[in-house]
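Residue numbers (the UniProt record's numbering): 1 to 780.
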C-alpha cells in the first residue's frame, strides 16, 4: 500500500499540474480552455493529403486559419506543453507518411519505365510541396520546425528506393553539362518535354529544394562523383595524345568557368559576397583541383611510354606530369606503369639493343624533367640496366653511340652539351650550403648510383669502365682499318672523338687509341717514303701489334704477282726500318683490279680472297674448287664458294660441272645484261691497279712493352693466388691488392695489358669486367 508520504507527494504534483493547466481561472474553466486549445492545435497541425484537401459540410476547402490557431498555440506555450504537441504532431506525420510514399512509388515507376530525369525533378518538386504543406508555422519557434524537418528528412530518405540514386545522379549530371548535345538521349527527351525546367535560372531553385529535403547531405558523394566524372570526360577528350604543350593550366581555367558556377549553387548557396563564397568553396574546390591533377596524372601515366618515344616533342606532357606529381602522390604508380610497359614493349628479344639504348637514353632525359633528383629514374632504370647487362652486344652498341658509329642516323652522344669525366659514385657534400636531403622515397643505394650525365649512366651499367675502353679500342681499330686511301679527314674526326673521350675516360685509358691514330699517320708517312724509292701498286696500312686489338688471323697466301709485290715491299720496308719486320694480314683490305679478257675489260674492287682466286686463272683457265683452296692456303670452303660467285656474277667465270670453274675469255650470250648491271664491272685479263692490305709491324728486338710484360710475370703468382682465393675480381681490386706485393709499381694500364696477354694465352677469362682463372691453364 502507498504510504502517507507518497500520497502526499502525488497530491502535490497533481495540484501543481492542475494549477499550470487551469491557471487563475475559477473552477476547471482553465482546464477546459486548455483542452480546446489542444484540439485546435492538433487539428491545425494534422498532416493531410494535398491531393484531397479537407472541406467543410458544404464541400468548400477549409484550409488552415493561422489567426484562429495562434491563441491556442500561445496557451500551450504558457502551459509548457509544446513538447507534447510536437510529439503528437510528429506521430501524425509518421502515420500519414504513407501518402508521400505512394507518390514516390508512382514517380519512380514512371522513371523506371521512361528513364527520364524529368520525373526525378518533378518528384523533388512534389516532395517540397508535401514538406511545405505539412510544415508547422514559424510562430511555434525554430525548435519545432527543426524537429519536423529532421523527422521529415529521415522518413523521406528511408522511403526512397534504390533506383532513386541513379536518377538523382543523372539529374545532377544534366544540370552540370551545359550544352544539350553532350546529354544522352533520355535527358534530351526530358528537356524537350519540359524545357522551362532546365533553364539555368532553375539551378538555384533545384539546389534549394535539395538542401531543404536533406538530399545534398545524404547524396554528397554522388554529387561529387558527377563533378569528378565530368572532369574526367573532359580531360580524356581534350588531353589524350596532346603532348606538345602543357594542359594543366587550361584545365584549371575551364573548371573555373564551367564547374565552379555549378559548385556555387551546391556549396556556397548562402554566400553574400565573393570572399565569403571563396571561403565556402575552398575545401571542395581543393578536392576538385586535386581530381583534375589526378585524372591528368593517370592519363599521362598510361601514355608515359609513348610520351618518352615522342620526346622532345612531348615536352608539354612531361611538364604536366611533373606539376601533377607535386600535387598528387602517384610516383609509385608511374614507376610501376613504366616498368610494366618497358617489359612488355621494350625488354624482349625482338627489340634491337640499339633501340633499347635509345629508349633508355630518352627515358633518362624525360624522367629528369619529371623528377630532377632522379629517384624515379633510379627505380625505372634498374630493370633496363640488368637486361642490357645480359645482352652480349650492349657494350658495342653503347660505344657505337659514344663515337657516332651510325653514320646514317647521325646518332651520337659524343657531342653532348658538356663533356665531363665519368663518375662512378656521387657522395653527399654536407658542407654545401645548397645541400638538400634525399627524397623520402629514395632507396638506400640511390646516391651511390646517381651518375652525373647520360653517358655516365650508360657506362655505369657495368661495374668497370675498362670494358668500354677495350671495346672503344676494338671499334676504333675496325673503323681505322676500313678507311679509304684518302681518309685523312676521317682520321682527324676519329682523333677529335678520342680527345673528347679522354675527358670522360681519362688520359691513360685511351693511350692505346692514341697509338692507333699515330700508327695511321705514321703508316701514310712510311708508304709515301717507300713509294718515293720504288713505285708500288701496293699501299698497306702498317700498325703496331702490341697496341692494336687482336685481329682475326687467316692462312690465306696471296699467289703470283700479289706475293711478289708483298716481298718487294717488305724488302724496301726492312731497308727503311732495319730493326723491324712486317707480318702480312692478306685477308684484310681491298684490291682494285682491271681484268683484260679477249673481248672485254672489267674493273672491280674486291676482297683479297677474290683477287687471289682470279690471279690463279692467269696460269690456266680451268680449276677445281679443291685445287683453288689448296693454292691459296687453308680457307673456309663456304668463303671460297662465295668469293668465286662474285666472278660468276660478273660473267668472268662459270661453274660447269659442279665445283669446276672455267674462265670465260669471251662473254657468253645472255650474260652481257647482268654484267652491265654492276657499276664497277667491265672485264679483262689480270693487270693489278691497286691493292690495299693491312700489315702488322713486329719489333725484331725486345722493346719496352716486352720488358714490362716480362717484369709483370714476377707477380703472376700473386694474381693467381688472389683469384684462387677470392674468385672473380675487377681490375681495380687486383691493382689495389698488388700494391702490397714487394716492389710493385706498375700502372693500371700496364696491369690491364698483362691481364689481356694472359687471357690470350688462355690463363684468364674476363666477363662484365670481372677477371677469373681459366679452369684449364698453365703458368706463364
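No residue lacks a Cβ here, since even glycine has one placed at the ideal position from N, Cα and C.
Asked                                                                                                     : Found
Inter-residue Cα distance where the pair is residue 128 and residue 212                                   : 8 Å
Of the listed residues 249, 725, 275, 315, nearest to residue 290 (C-alpha basis)                         : 249
Where residue 590 falls: helix, strand or coil (DSSP)                                                     : strand
Coil, strand or helix - residue 391 by DSSP                                                               : coil
Alpha carbon of residue 468 to alpha carbon of residue 476, nearest angstrom                              : 12 Å
For residue 330, the three-state DSSP class (helix, strand or coil)                                       : coil
Length of the line joining the Cα atoms of residue 795 and residue 618                                    : This structure gives no information on residue 795, because the portion of the chain shown stretches from 1 to 780.
Burial state of residue 620 (16 or more Cβ within 10 Å)                                                   : exposed
Neighbourhood of residue 385 by C-beta, 7 Å cutoff - its chain only, sequence neighbours within 5 removed : 461
DSSP-derived helix/strand/coil call for residue 627                                                       : helix
Segments of 4+ residues assigned as alpha helix (DSSP H) that fall wholly inside the segment 453–536      : 454–459, 466–481, 488–505, 511–533
Validate contact between the segment 626–642 and the segment 601–618 using beta carbons, cut 8 Å, 3 pairs : yes
6 Å Cβ shell around residue 235 - same chain, five flanking residues per side excluded                    : 295, 296
Cβ-based burial, residue 760 [other Cβ within 10 Å; buried from 16]                                       : exposed
Cβ contact (3+ pairs, closer than 8 Å) linking the segment 150–169 and the segment 60–80                  : no
Nearest-angstrom Cβ-Cβ length linking residue 319 and residue 373, presumed shorter than 8 Å              : About 17 Å; that fails the 8 Å criterion.
Segments of 3+ residues assigned as beta strand (DSSP E) that fall wholly inside the segment 220–245      : none
Three-way DSSP call (helix, strand, coil) for residue 617 in this model                                   : coil
DSSP three-state assignment for residue 338, whether helix, strand or coil                                : helix
Contact test: residue 499 Cβ vs the ligand NAD heavy atom, cutoff 7 Å                                     : This structure lacks the ligand NAD; in fact it carries no ligand of any kind.
Exposure label - residue 571; buried when at least 16 CB within 10 Å                                      : exposed
Residue(s) in a DSSP beta bridge with residue 771                                                         : 729, 766
Residue 243 versus residue 130: straight-line alpha-carbon distance, rounded                              : 54 Å
8 Å Cβ shell around residue 765 - same chain, five flanking residues per side excluded                    : 759, 771, 772, 773, 774
Inter-residue Cα distance where the pair is residue 322 and residue 262                                   : 29 Å
Where the beta strand (DSSP E) containing residue 543 begins and where it ends                            : 541–544
Proximity winner among 598, 662, 560, relative to residue 608 (alpha-carbon distances)                    : 560
Between the CA atoms of residue 654 and residue 603 - distance to the nearest angstrom                    : 18 Å
Validate contact between the segment 251–266 and the segment 341–348 using beta carbons, cut 8 Å, 3 pairs : no
Three CB pairs or more closer than 8 Å across the segment 515–525 and the segment 539–553                 : yes
Per-residue DSSP class, three states only, for residue 584                                                : strand
Inter-stretch contact at 8 Å, needing at least 3 Cβ pairs: the segment 107–124 / the segment 77–85        : no
Cross-strand partners of residue 654 (DSSP beta bridge)                                                   : 662
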